[in-house]
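Engineer: Quick note, the sequences are listed as chains A and B, same order.
Take the position in the first sequence, starting the count at 1, then add 2; the result is the number in this note's numbering.
Take the position in the second sequence, starting the count at 1, then add 7; the result is the number in this note's numbering.
After the structure tokens below, expect a handful of questions from me.
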Amino acid sequence: MSTAINIAQVHKYYGNLYALKGITLQIERGEFFGLLGPNGAGKSTLINIMAGLTRANGGRVSILDHDVAKHYRFARRCLGVVPQELVFDPFFTVREVLRIQAGYFGLGPENYAWIDELIDALMLSDKADTNMRALSGGMKRRVLIGQALVHKPEVVVLDEPTAGVDVELRKSLWAFIERLHNEGHTIVLTTHYLEEAEALCDRIAILNHGQVIALDTKEALLARDIGGKRSLHVTLARPLDPIPSALRSIVKKELGYEIVFELNNESVSILDVVDSLRQAGATILDLQTEKTDLEDIFIDLIQGKAS
Amino acid sequence: MNWLGLRTLFFKEILRFSKVYLQTLFAPMVTALLYLLVFSHILEGRLEVYEGVSYTAFLIPGLMMMTIIQNAFANSSSSLIQSKVTGNLIFVLLTPLSHFEIYLAFTLAAIVRGVFVGVGVYVVAISFTDVGFYNLGYALLFALTGSAVLATLGIIAGIWADKFDQLAGFTNFLIMPLSFLSGVFYSIHSLPPVWQEISRFNPFFYMIDGFRYGFFGVSDVDPRFSLLITNAFLAVLVLLTLSLLRSGYKLRD
Ligand SMILES: Nc1ncnc2c1ncn2[C@@H]1O[C@H](COP(=O)(O)OP(=O)(O)OP(=O)(O)O)[C@@H](O)[C@H]1O
Ligand SMILES: [Mg+2]
């Protein structure tokens, strides 16, 4: 295995704004990599530098060992980027857009079959000869994905591909991206739907304020000890008022019949909660605990950095 | 060279303006013909710039060149600013196309539009009065270099402008005055000496004067000198544009 994307000490300023503060990351061939972080963390900036849409102020990025600045022709042939913004060319139809995009990469009619396959896979067959202007937002997003894939790049970077896409389509998009991954493509994904990242990615980097604050396999991230926090959902027969004083400090949410407690290892156990509730005369209908998910880890990391 | 990529971008640019042909091809022809109608009606017979050349005939090459110039500029500049503002320029920027290939594709497409509109004006104009060519080669040479100059200026303006009104400023305060004051409607010999001198600093003057030579075999300055000036100007602009594109100025910030 060699490196698909090598990012070394990348810095980026926008005027006074220090958007990337020395990012170093290596993404291996064949990986499904998640690039996560809150709004403004620098994810898109980093992706734009990979694609040559933005120039870094320092550091180096290479795609399959081709430097994105010095050997951009090679680097860009290996890379397909789905941009975050829904941009499109209003002068052309879906098929025209895809053929033109392939042409820029030096691919002519020999590539038309692949374009038809893409149109099919992205469920755009009935819109193939429709002008871009007349597509819905989700359809435009699918064309963007098609444009990123016209030249069969080995490395595919998707910047929030599922933003504004309905549930059904999102599922089919994921199936499509998983297929690409299984066919050997390296996938880099940014998303704000953390369940998506949790379900799909092998390895995850979390960016915040232009720095990598976590970089690990998904399993290792999920196994992180964030103070042993767990949530306990309790459903009662009747709303309980007042909540016993011993429990008040650990209430996370209270919605009448339902109370969510936040437990952590040292203080209160599940049994303590149940005992106190019964002593207060409550009838417990249901109890549920929730394991840590990526969202808990994410929030913990982001807040940890902020404080 | 990525020839197919270059060709694709060139054809995309051609398609872009030909899909809106009313605005990009016919409107400028109509404008030029209106000038021709009005000015030739008012001034025909009262003015003879060159011996044996009627005013209407004198006006035709000037109007043709002005149309060529303005449309070559409009094509590259508006294509660039549009795709910058709507964001779809990234589809070109993230491909293996080099800065030189991008330059060439935009410039060639702008030349095609300029020359097409210029020829259109000629075809209609010869129904007014008979205008032949003294030296077709010169006329073609000036049409091509002139539109190349303006296509290149259009790329510079398109790169520099962030908004449509900045581009409109570039067009209205630079391109329009320079093209109107370049001797389209008159010979600079009919101007007061001071203005004659000032006109000599207007590069557009040489394009129009040289182009007109191709029709009548007479001109205000030696056409070889005009050709030299026009090409020198083109060379400077090309170098500037290529270095802007290579540096990624405003496009890859
Ligand atoms: N062209 C630009 N000019 C000036 N500042 C910019 C530009 N692009 C991005 N920034 C700034 O750089 C920072 C990082 O932005 P970036 O778009 O990379 O964030 P992101 O992680 O992709 O966020 P999101 O999740 O909202 O897409 C932000 O503070 C943003 O305001
Ligand atoms: Mg972003």
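Where a beta carbon is used, it is the ideal one built from N, C-alpha and C, also for glycine.
All of these numbers come straight from a predicted model, not from anything done at the bench.
1. Return yes when at least one heavy atom of ligand 1 lies under 6 Å from the C-beta of Asn18/A, else no.
2. Compute the minimum distance between the beta carbon of Gly24/A and the heavy atoms of ligand 1, and state whether it is under 6 Å.
3. Just how far apart, CA to CA, sit Leu182/A and Arg144/A?
4. State buried or exposed for Lys307/A, treating a residue as buried only when at least 16 other CB atoms are found within 10 Å of its CB.
5. Applying the criterion that 16 or more other CB atoms from any shown protein chain within 10 Å of the CB defines a buried residue, is Asp172/B buried or exposed?
6. Is the beta carbon of Ser278/A within less than 6 Å of some heavy atom of ligand 2?
7. Can you list, in chain order, the residues of its chain whose CB lies under 6 Å from that of Leu160/A, leaving out five sequence neighbours each side?
8. Indicate the three-state DSSP secondary structure (helix, strand or coil) for Lys14/A in the structure shown.
9. So is Gly110/A in contact with chain B if we call contact Cβ pairs under 7 Å?
10. Let me know the secondary structure DSSP gives Leu162/A once reduced to three states.
11. Does the segment 174–188 of chain A come close enough to the segment 17–26 of chain A that 3 or more CB-CB pairs lie under 8 Å?
12. I'd like to know whether the C-beta of Ile147/A is nearer than 7 Å to at least one C-beta of chain B.
13. Quick one: which residues of the segment 75–101 of chain A get their C-beta closer than 7 Å to a C-beta of chain B? List them in chain order.
14. Are the C-beta atoms of Tyr20/A and some chain B residue less than 7 Å apart?
15. Taking C-beta to C-beta, are Ala150/B and Ile67/B nearer than 7 Å?
16. Kindly list, in the order they appear in chain B, the residues whose Cβ is closer than 7 Å to that of Leu55/A.
17. Can you tell me which residues form a DSSP beta bridge with Asp91/A?
18. State buried or exposed for Ile286/A, treating a residue as buried only when at least 16 other CB atoms are found within 10 Å of its CB.
19. Considering only the beta carbon of each residue, do Met71/B and Val156/B sit closer than 7 Å?
20. Taking CB distances under 7 Å as the criterion, tell me whether Arg253/B reaches chain A.
21. Whose C-beta lies closer than 8 Å to the C-beta of Gly12/B among residues of the same chain, with five residues either side of it excluded?
22. Shorter than 6 Å, the distance from the beta carbon of Lys14/A to the closest heavy atom of ligand 2, or not?
23. For the segment 21–83 of chain B, which segments carrying the alpha helix (DSSP H) assignment without a break, of at least 4 residues, lie completely within its bounds, in sequence order?
24. Could you name the residues of chain A that Asn9/B contacts, counting a contact when the two beta carbons are closer than 7 Å?
25. For Met8/B, is the classification buried or exposed, using 16 other Cβ atoms within 10 angstroms of its Cβ as the cut-off for buried?
26. Hey, would you say the C-beta of Lys170/B is under 6 Å away from at least one heavy atom of ligand 2?
27. CA-CA distance, Phe4/B and Thr31/B?
28. Measure from the alpha carbon of Leu265/A to the alpha carbon of each residue in Thr294/A, Gly258/A and Ile245/A, then state which is nearest.
29. Since Gly105/A meets chain B, which of its residues come closer than 7 Å, beta carbon to beta carbon?
30. Along chain A, which residues have their Cβ under 7 Å away from the Cβ of Arg231/B?
31. Please confirm if Arg120/B has its CB atom under 7 Å from at least one CB of chain A.
32. Is DSSP giving His340/A helix, strand or coil here?
33. Regarding Ala21/A and ligand 1, is the C-beta to nearest heavy atom distance less than 6 Å?
34. Leu160/B lies in the alpha helix (DSSP H); which residues open and close that run?
35. Would Ala153/A be called buried (16 or more neighbouring beta carbons within 10 Å of its own) or exposed?
36. Would Gly94/B pass as an interface residue toward chain A - the criterion being a Cβ-Cβ separation below 7 Å?
Structural biologist: Quick answer:
1. Counted from its first residue, the first sequence places residue 18/A at position 16. It does not: the Cβ of Asn18/A is nowhere closer than 6 Å to a heavy atom of ligand 1.
2. Counted from its first residue, the first sequence places residue 24/A at position 22. Gly24/A: no, Cβ never under 6 Å from ligand 1.
3. The residue labelled residue 182/A in the question sits at position 180 within the first sequence. The residue labelled residue 144/A in the question sits at position 142 within the first sequence. Roughly 15 Å between the two C-alpha positions.
4. Counted from its first residue, the first sequence places residue 307/A at position 305. Unreliable placement is indicated for Lys307/A, whose pLDDT of 44 sits below 50; the coordinate value is still reported in the next sentence. Exposed, because fewer than 16 other Cβ atoms sit within 10 Å of the Cβ of Lys307/A.
5. Counted from its first residue, the second sequence places residue 172/B at position 165. Asp172/B is exposed by the Cβ-count criterion.
6. For the purposes of this step, residue 278/A is taken as the residue at position 276 of the first sequence. No, the Cβ of Ser278/A stays beyond 6 Å of every heavy atom of ligand 2.
7. Indexing the first sequence from 1 puts residue 160/A at position 158. Here the set comprises Val84 and Leu191.
8. Counted from its first residue, the first sequence places residue 14/A at position 12. Strand.
9. The residue labelled residue 110/A in the question sits at position 108 within the first sequence. Gly110/A counts as touching chain B.
10. Taking the first sequence and counting its residues from 1, the one referred to as residue 162/A is at position 160. Just to set this straight, residue 162/A is Glu in the shown sequence, not Leu. Coil at Glu162/A, not helix or strand.
11. no
12. Position 145 of the first sequence, counted from the start, is the residue given in the question as residue 147/A. It does not; no Cβ of chain B falls within 7 Å.
13. Arg75, Arg78, Arg79, Val83, Pro85, Glu87, Val89, Phe90, Asp91 and Phe93
14. Position 18 of the first sequence, counted from the start, is the residue given in the question as residue 20/A. No, Tyr20/A does not count as interfacial toward chain B.
15. As a position in the second sequence, residue 150/B is number 143, starting the count at 1. As a position in the second sequence, residue 67/B is number 60, starting the count at 1. No, Cβ-Cβ distance for Ala150/B and Ile67/B is not below 7 Å.
16. Taking the first sequence and counting its residues from 1, the one referred to as residue 55/A is at position 53. Simply Ile97, Leu100, Leu101 and Arg259.
17. The count along the first sequence starts at 1 and reaches residue 91/A at position 89. Answer is none; Asp91/A lacks a bridge partner.
18. If you number the first sequence from 1, residue 286/A lands on position 284. With fewer than 16 Cβ atoms within 10 Å of its Cβ, Ile286/A is classed as exposed.
19. What you label residue 71/B is simply residue 64 of the second sequence in a count that begins at 1. What you label residue 156/B is simply residue 149 of the second sequence in a count that begins at 1. Their beta carbons are not under 7 Å apart, which means Met71/B does not touch Val156/B by this criterion.
20. Your numbering for residue 253/B matches position 246 in the second sequence. It does not: the Cβ of Arg253/B has no partner Cβ on chain A nearer than 7 Å.
21. Mapped onto the second sequence, residue 12/B falls at position 5. Result list for Gly12/B: Thr102, Pro103, Leu104 and Glu108, in chain order.
22. As a working mapping, residue 14/A is identified with position 12 in the first sequence. No.
23. 34–50
24. Here residue 9/B corresponds to residue number 2 of the second sequence, with the count starting at 1. What Asn9/B touches in chain A: Gly108.
25. Reading the second sequence from its first residue, position 1 is the one you call residue 8/B. It counts as exposed.
26. Reading the second sequence from its first residue, position 163 is the one you call residue 170/B. Every heavy atom of ligand 2 is 6 Å or more from the Cβ of Lys170/B, so no.
27. Residue 4/B lies beyond the stretch modelled for chain B, which goes from 8 to 260, so this question has no answer here.
28. For the purposes of this step, residue 265/A is taken as the residue at position 263 of the first sequence. Considering only alpha carbons, the answer is Thr294/A.
29. Working through the first sequence from its first residue, we reach residue 105/A at position 103. By Cβ distance, chain B contributes Leu11, Gly12 and Thr15.
30. Along the second sequence, read from residue 1 onward, the residue named residue 231/B stands at position 224. Within chain A, no residue comes near Arg231/B; the closest Cβ sits about 40 Å away, beyond 7 Å.
31. Residue 120/B sits at position 113 when you count from the first residue of the second sequence. Answer no: the Cβ-Cβ gap between Arg120/B and chain A never drops below 7 Å.
32. The requested residue 340/A is not part of the displayed model; chain A covers only 3 to 309.
33. Within the first sequence, residue 21/A is the residue found at index 19, counting from 1. Checking every heavy atom of ligand 1 against the Cβ of Ala21/A, one is found closer than 6 Å.
34. Taking the first residue of the second sequence as 1, we reach residue 160/B at position 153. Where Leu160/B is concerned, the enclosing alpha helix (DSSP H) stretches over Leu143 to Trp167.
35. Looking up residue 153/A in the first sequence gives position 151. What sits at residue 153/A in the sequence shown is His, not Ala. Label assigned to His153/A: buried.
36. The residue given as residue 94/B occupies position 87 in the second sequence. Closer than 7 Å: yes.
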